[in-house]
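Step one of this worksheet: look at the structure below.
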Amino acid sequence: MTAAAWEVHSQSVAETLALGRRIGAAARPGDVVALVGDLGSGKTHLAKGIAEGLGAARAHDVTSPTFIICHEYLDGRMPFYHLDAYRLHGSADLEAIGADEMLEGDGLAALEWADRAPEALPDDRLDVRLEVTGAETRRIALAPHGPRAERLLAAVRRAAGEAAR
Ligand SMILES: Nc1ncnc2c1ncn2[C@@H]1O[C@H](COP(=O)(O)OP(=O)(O)OP(=O)(O)O)[C@@H](O)[C@H]1O
Ligand SMILES: [Mg+2]
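Have a look at this one:
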């Protein structure tokens, strides 16, 4: 049985960034965040917050001839691999860029449009589903799958609780 999901109602871009920063601050090497949600739901903003939470500022873009396939942030407390499956043709492309190593490696990995590459995802991961609920509001559901993700989510919730006090 997996631990319960946690639902956050973000009222602004700033709140989504702050949630991302908490994830980045609590992450351990090998953690994986699977981001799912419609266009403009806030996946990239959450990932930016995660990079900030790791203390990373500069993204090194890994490009193909036509588009960016991965933003690597290597100047934080651990590497952060920000991947996007939207432009990739499923798991085969992810494999081709060496996503395997990013997803179970020395850092934290976040994959946008994770539902487009389900085979690439490790069993233990934090699923984050973002939904547009208004111009400035987003429902963000965080569901852990596996002990690693449960630890990460518990740490994020603890930090959020402490900030609210
Ligand atoms: N509470 C909120 N949290 C995050 N983004 C918000 C919020 N309210 C409004 N926005 C806006 O929604 C948009 C989210 O864009 P973002 O690029 O993060 O989405 P995305 O899910 O990555 O989209 P895509 O699928 O195109 O990659 C931005 O224009 C941002 O200003
Ligand atoms: Mg995006």
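Quick note on numbering: the sequence shown equals residues 63 to 227 in the numbering used here.
Just so you know, even glycine gets a beta-carbon here, dropped at the ideal spot from N, CA and C.
Just confirm the distance between the C-beta atoms of residue i and residue j, as a whole number of angstroms; I'd bet it's less than 8 angstroms.
i, j, result
"A47", "A176", "A question about residue 47 goes unanswered here, because the residues of the chain that appear run from 63 up to 227."
"R201", "G104", "Going by Cβ atoms, the distance from R201 to G104 rounds to 10 angstroms, so no, they are not a contact pair."
"Y143", "A171", "4 angstroms"
"G138", "G117", "4 angstroms"
"L214", "A89", "6 angstroms"
CA-CA distance, residue i and residue j?
i, j, result
"V124", "D93", "21 angstroms"
"D168", "P91", "5 angstroms"
"P209", "L188", "10 angstroms"
"S50", "E212", "This structure cannot speak to residue 50, because the chain is shown only from 63 to 227."
"P206", "E174", "16 angstroms"
"E157", "G99", "22 angstroms"
"A66", "A217", "14 angstroms"
"L150", "I131", "8 angstroms"
"D155", "A87", "30 angstroms"
"V75", "H107", "7 angstroms"
"F129", "H122", "13 angstroms"
"A119", "A113", "7 angstroms"
"A226", "S126", "43 angstroms"
"R220", "A161", "30 angstroms"
"P180", "E224", "34 angstroms"
"A147", "E193", "18 angstroms"
"I85", "W68", "13 angstroms"
"E198", "A222", "20 angstroms"
"L145", "A182", "12 angstroms"
"A80", "V190", "15 angstroms"
When DSSP builds the beta bridges, which residues end up paired with residue i?
i, result
"S72", "R200"
"V98", "R191"
"E134", "H122 and Y143"
"A205", "D189"
"A171", "V94 and Y143"
Using beta carbons (cut-off 8 angstroms, strictly below), is residue i in contact with chain D?
i, result
"D93", "Here chain D cannot be found, since the structure has a single protein chain."
field: Heavy atoms of ligand 2 versus C-beta positions, residues under 6 angstroms
entry: Look at which beta carbons fall closer than 6 angstroms to any heavy atom of ligand 2; those residues are K105, T106 and E174.
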